[in-house]
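What follows is one structure encoded as structure tokens, with my remarks underneath.
6 protein chains.
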Amino acid sequence: NSLSHLDADGQAQMVDVSAKAVTARQAIAIGKVRMSRETLNTIAAGNAPKGDVLGTARLAGIMAAKQTAHLIPLCHPLPLTKVKVVITLDEDLPGYQIRAEVKTTAETGVEMEALTAVSIAALTLYDMAKALEKSIQIEQIYLVSKTGGKSGDYQADTDAS
Amino acid sequence: NSLSHLDADGQAQMVDVSAKAVTARQAIAIGKVRMSRETLNTIAAGNAPKGDVLGTARLAGIMAAKQTAHLIPLCHPLPLTKVKVVITLDEDLPGYQIRAEVKTTAETGVEMEALTAVSIAALTLYDMAKALEKSIQIEQIYLVSKTGGKSGDYQADTDAS
Amino acid sequence: NSLSHLDADGQAQMVDVSAKAVTARQAIAIGKVRMSRETLNTIAAGNAPKGDVLGTARLAGIMAAKQTAHLIPLCHPLPLTKVKVVITLDEDLPGYQIRAEVKTTAETGVEMEALTAVSIAALTLYDMAKALEKSIQIEQIYLVSKTGGKSGDYQADTDAS
Amino acid sequence: NSLSHLDADGQAQMVDVSAKAVTARQAIAIGKVRMSRETLNTIAAGNAPKGDVLGTARLAGIMAAKQTAHLIPLCHPLPLTKVKVVITLDEDLPGYQIRAEVKTTAETGVEMEALTAVSIAALTLYDMAKALEKSIQIEQIYLVSKTGGKSGDYQADTDAS
Amino acid sequence: NSLSHLDADGQAQMVDVSAKAVTARQAIAIGKVRMSRETLNTIAAGNAPKGDVLGTARLAGIMAAKQTAHLIPLCHPLPLTKVKVVITLDEDLPGYQIRAEVKTTAETGVEMEALTAVSIAALTLYDMAKALEKSIQIEQIYLVSKTGGKSGDYQADTDAS
Amino acid sequence: NSLSHLDADGQAQMVDVSAKAVTARQAIAIGKVRMSRETLNTIAAGNAPKGDVLGTARLAGIMAAKQTAHLIPLCHPLPLTKVKVVITLDEDLPGYQIRAEVKTTAETGVEMEALTAVSIAALTLYDMAKALEKSIQIEQIYLVSKTGGKSGDYQADTDAS
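Taken in sequence, the protein lines are chains A, B, C, D, E and F.
Each residue of the first sequence is one higher than the one before, counting from 750 in our numbering.
Each residue of the second sequence is one higher than the one before, counting from 750 in our numbering.
Each residue of the third sequence is one higher than the one before, counting from 750 in our numbering.
Each residue of the fourth sequence is one higher than the one before, counting from 750 in our numbering.
Each residue of the fifth sequence is one higher than the one before, counting from 750 in our numbering.
Each residue of the sixth sequence is one higher than the one before, counting from 750 in our numbering.
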């Protein structure tokens with residue numbers, strides 16, 4: 750029930766994981782980007798010929814996953830073995846849903862890498878559409894699941910979204 | 750009504766801002782991190798002696814603002830003249846609200862820098878509390894206001910949050 | 750007739766440009782990626798639905814332009830105002846031609862940014878096709894033109910390619 | 750005969766290498782920088798007392814190899830165990846030949862790291878000599894050999910250069 | 750008795766560690782930041798409510814340890830498993846003493862990571878106090894101990910400080 | 750008499766410099782690397798043919814100056830117009846003295862850039878010689894002078910070293 754990143758003196762430190770086993774680990778995160786229906790239609794149309802709007806956001810997410818340890822101060826640098834970002838049009842939102850899956854074989858997990866990929870992909874979508882609509886909102890970024898490691902697997906409740 | 754980052758062939762490019770005037774610009778963004786009341790209480794207690802939980806998230810947000818052009822593929826590198834990140838406990842959420850303000854004097858604005866600061870600060874809060882609760886959720890990241898530049902000022906509707 | 754980056758003692762240094770005028774500058778560079786016709790056909794077909802092969806290389810070039818000062822040791826950090834990368838299929842090569850245009854308003858030029866964008870876009874094309882053919886070759890990267898600055902404009906001879 | 754970085758939907762992704770064996774891997778790449786004989790003579794003379802022209806290009810190549818996963822969007826971050834860059838004067842070119850050798854022990858190879866080291870070393874040579882001659886050309890960057898990994902060893906045909 | 754980073758031709762290279770055993774390694778480094786008693790008192794008072802002065806320097810040190818391979822040209826990129834930075838008020842100096850401990854499981858050691866963490870934490874302290882006193886001095890940064898690896902353990906003489 | 754990086758709530762923030770005048774600024778810093786006479790002799794001999802020991806440290810310092818805003822959390826990103834690092838053999842130390850000079854035209858100064866260049870150059874010297882002697886010590890890093898900006902010029906007392 751304590752904050753793992755604080756040492757006995759209450760100071761933030763990178764946790765010692767040197768004694769943990771190197772195991773296969775995976776994490777999946779999702780998030781949403783909500784916009785007006787008009788903006789969504791413009792992106793969907795603009796993306797059509799080359800796929801460059803969603804493709805740019807997807808690549809930004811993949812590259813950001815590799816920068817996680819330089820962005821989140823107490824994250825351990827990890828040798829990622831897979832990063833996959835999928836962006837799906839959601840007519841009901843309206844907007845896009847972003848899903849990132851990350852894998853490693855290491856002493857600690859890749860939850861932050863998956864969440865970072867989703868966040869930066871969402872920000873990139875915002876960037877590409879902000880001339881159309883400044884009120885676009887990034888929503889409900891959370892961890893869907895993680896596997897591997899001593900703390901066991903985790904699966905979000907389906908109603909979390 | 751078009752996507753400014755796509756050229757005539759539908760290809761994503763960094764927009765040419767060389768002919769735009771260099772003016773003072775400011776952007777403010779906010780976001781929320783929702784968690785269980787128990788997690789919030791633990792963070793609030795753990796943060797008390799040294800302030801290291803919120804202080805770490807705040808610094809991560811400030812440093813991320815400076816990395817924006819390396820994270821968001823089509824953003825222009827800008828000489829930031831101010832970055833301020835404030836994290837406020839929100840008993841009703843329950844959780845924390847994060848607010849970032851960024852300034853520059855340049856040809857284009859700092860909306861993405863403010864949004865990136867909020868996002869990375871939120872992810873850092875998640876990182877520091879994830880051993881307590883994996884269902885923490887990042888919510889409602891959006892632009893509050895921007896000033897400066899030809900496109901004029903922007904102020905979000907208050908009910909957007 | 751001397752090497753501008755070496756000081757009087759023959760030591761490499763970042764040149765002092767503080768006394769130079771801040772002016773609008775532009776540079777254009779190109780390069781080629783030569784491959785077998787079979788590889789070219791596979792990329793052209795694979796790229797068709799989403800444009801992700803050329804789109805990925807294009808984005809990598811744009812993002813690399815922004816990293817130039819961190820890659821080329823004696824380059825000055827510059828506020829880029831435009832980066833455009835265009836990749837064109839060249840049936841005769843066979844392969845792709847890459848062209849990058851970069852702009853800034855600064856004390857020194859952006860030749861290295863344009864050349865870096867071309868080089869990293871070329872390497873990314875190699876990366877995406879290397880499972881098909883390892884003998885892909887990057888060829889004839891050079892400066893096409895530069896404008897702005899005291900040293901005057903430059904235009905490559907057309908037979909340089 | 751397919752593009753390994755595109756998933757079933759034609760979208761670019763970082764390939765999942767988590768099931769591949771961790772083995773010793775090596776890659777060697779070369780490239781050329783062609784310039785006028787006069788420029789070559791000036792560099793050779795300028796480099797003489799301290800070696801700073803070639804030394805700077807060599808270091809830039811070594812450091813760039815370590816940045817490969819941040820430059821090439823779909824490359825995996827790898828723990829490099831050796832990077833060696835050698836730059837040789839080539840009177841016949843005239844110019845310089847650059848050769849990079851990279852090693853790792855990992856799930857995937859270091860071809861891109863070797864090619865990136867060559868490319869950035871070549872660009873750095875260009876940067877240091879561009880005040881003398883803007884028509885310097887980077888030529889024939891290609892993979893010489895790779896060893897290790899399931900796909901087997903590769904050796905370029907000698908006439909590729 | 751030779752310089753390990755120079756090859757047979759006297760050229761700086763990243764040493765080949767591919768044949769070395771992967772073992773647990775640790776390094777500890779310290780350094781001092783000397784200032785006037787008045788400055789020390791102001792920092793101690795200013796740091797009191799939130800701990801942000803020392804907390805900022807501590808985080809900067811931790812994050813810098815993760816950047817070591819990008820800062821020190823011939824360092825190998827290593828998967829750090831622990832980084833801890835402790836900053837202690839030293840009334841006698843007067844000033845602060847900074848101590849960093851770094852761990853990895855790798856082919857080579859983390860001395861440079863520990864020394865880099867100390868150095869950047871010290872620079873950050875300087876940055877935060879330089880408006881008060883520009884004559885603050887960073888002193889006596891050295892390696893306290895290292896363990897692991899074929900070359901054996903090392904322990905600094907106590908009078909080195 | 751207050752800490753400029755702490756806001757009214759005692760929280761560390763990047764200072765707002767948007768209202769400050771853009772002026773020419775320069776900063777000079779120095780530092781020392783003390784080693785045994787035997788180590789010094791080996792470096793001096795090893796450095797002779799190619800200059801790669803001191804050349805590597807010099808370049809590391811120049812490149813680090815450009816990374817200052819990414820290393821020191823509250824530093825503003827600045828467009829550096831000059832970085833010069835000079836390393837001088839000091840028989841009396843024994844060891845090397847490192848001097849860095851940095852210039853910009855901006856709203857704030859480059860003291861941290863000069864100090865960072867010295868620190869990373871010193872660490873690089875340590876890295877290249879640590880196989881010879883682990884007790885090498887980095888000493889007396891301080892600001893020699895700064896010019897430009899509203900706060901006026903600064904010149905260190907000569908006995909500070």
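Glycine included, each C-beta is placed from N, C-alpha and C at the ideal position.
Could you tell me whether any Cβ in chain A is nearer than 8 Å to the Cβ of residue i?
| i | result |
| --- | --- |
| C/L808 | yes |
| B/I869 | yes |
So, is the C-beta of residue i closer than 8 Å to a C-beta in chain D?
| i | result |
| --- | --- |
| A/G858 | no |
| C/Y891 | yes |
| C/A909 | Confidence at C/A909 is low in this model, with a pLDDT of 46, below 50, so the placement of that residue should be treated as unreliable; the coordinate-derived value is given next. Taking Cβ atoms only, chain D reaches closer than 8 Å to C/A909, which makes this a yes. |
| A/K852 | yes |
| C/T865 | yes |
So, is residue i buried or exposed, given that buried needs 16 or more other C-beta atoms within 10 angstroms?
| i | result |
| --- | --- |
| E/A909 | Because E/A909 carries a pLDDT of 46, less than 50, the predicted location of this residue cannot be relied on, and no value is offered for it. |
| C/A768 | exposed |
| F/K899 | exposed |
| C/M832 | The sequence given here has Val at residue 832 of chain C, not Met. Buried, because 16 or more other Cβ atoms sit within 10 Å of the Cβ of C/V832. |
| C/R774 | buried |
| C/Q760 | buried |
| B/Q846 | buried |
| C/S868 | buried |
| A/R783 | buried |
| D/E787 | exposed |
| E/R893 | The question names Arg, but residue 893 of chain E is Val in the sequence shown. Its Cβ being crowded by 16 or more others within 10 Å, E/V893 is buried. |
| E/D902 | exposed |
| E/N790 | exposed |
| D/T837 | exposed |
| D/D841 | exposed |
| C/Q904 | exposed |
| A/D906 | exposed |
| D/A770 | exposed |
Run through chain F and tell me which residues come within less than 7 Å of residue i, C-beta to C-beta.
| i | result |
| --- | --- |
| D/T805 | L808 |
| E/K899 | Going along chain F, no residue has its Cβ under 7 Å from E/K899, so there is no contact; the nearest lies around 12 Å. |
Along chain E, in chain order, which residues have C-beta atoms closer than 8 Å to that of residue i?
| i | result |
| --- | --- |
| A/A813 | Result: empty, since nearest Cβ-Cβ is about 16 Å, beyond 8 Å. |
| F/L838 | Simply none; closest approach about 15 Å. |
For chain F, is any of its Cβ atoms less than 8 Å away from the one on residue i?
| i | result |
| --- | --- |
| D/I847 | no |
Residue i versus chain A: which residues are under 8 Å apart at the beta carbon?
| i | result |
| --- | --- |
| C/K831 | Under the 8 Å cutoff, chain A gives no residues; its nearest Cβ is about 16 Å from C/K831. |
If the cut is a Cβ gap below 7 Å, which residues of chain C does residue i touch?
| i | result |
| --- | --- |
| A/D801 | G800, G804 |
Using a Cβ-Cβ distance cut-off of 8 Å, determine whether residue i contacts chain B.
| i | result |
| --- | --- |
| A/I821 | yes |
| C/P843 | no |
| F/A776 | no |
At 8 Å on the CB atoms, spell out the chain F contacts of residue i, in chain order.
| i | result |
| --- | --- |
| B/A773 | S767 |
List the residues of chain A whose Cβ lies closer than 9 Å to the Cβ of residue i, in chain order.
| i | result |
| --- | --- |
| E/Q816 | H819 |
Of all the CB atoms in chain C, is at least one closer than 8 Å to the CB of residue i?
| i | result |
| --- | --- |
| A/L874 | no |
Mind checking who residue i pairs with in its DSSP beta bridge?
| i | result |
| --- | --- |
| F/K895 | F/A776, F/Y903 |
| C/A761 | C/L755 |
| E/A890 | Per the sequence presented here, residue 890 of chain E reads as Ile, with Ala not at that position. E/I890 is bridged to F/I887. |
| D/K781 | D/Q846, D/E888 |
Run through chain D and tell me which residues come within less than 8 Å of residue i, C-beta to C-beta.
| i | result |
| --- | --- |
| C/S785 | Here the premise fails: no neighbours, minimum Cβ distance about 12 Å. |
For a contact meaning CB atoms closer than 9 Å, what does residue i contact in chain C?
| i | result |
| --- | --- |
| B/L827 | P828 |
In chain I, what lies closer than 8 Å to residue i by C-beta?
| i | result |
| --- | --- |
| F/M763 | Absence of chain I from the displayed structure is noted, the protein chains being A, B, C, D, E and F. |
Step through the CB atoms of chain E and report whether any lies within less than 8 Å of the CB of residue i.
| i | result |
| --- | --- |
| A/Q760 | yes |
| F/I887 | yes |
* Would you list, in sequence order, the uninterrupted beta strand (DSSP E) runs of no fewer than 3 residues that lie entirely inside the stretch 816-875 of chain F? => Uninterrupted beta strand (DSSP E) stretches at least 3 residues long and entirely within the stretch 816-875 of chain F occur at 829-839, 844-855, given in chain order.
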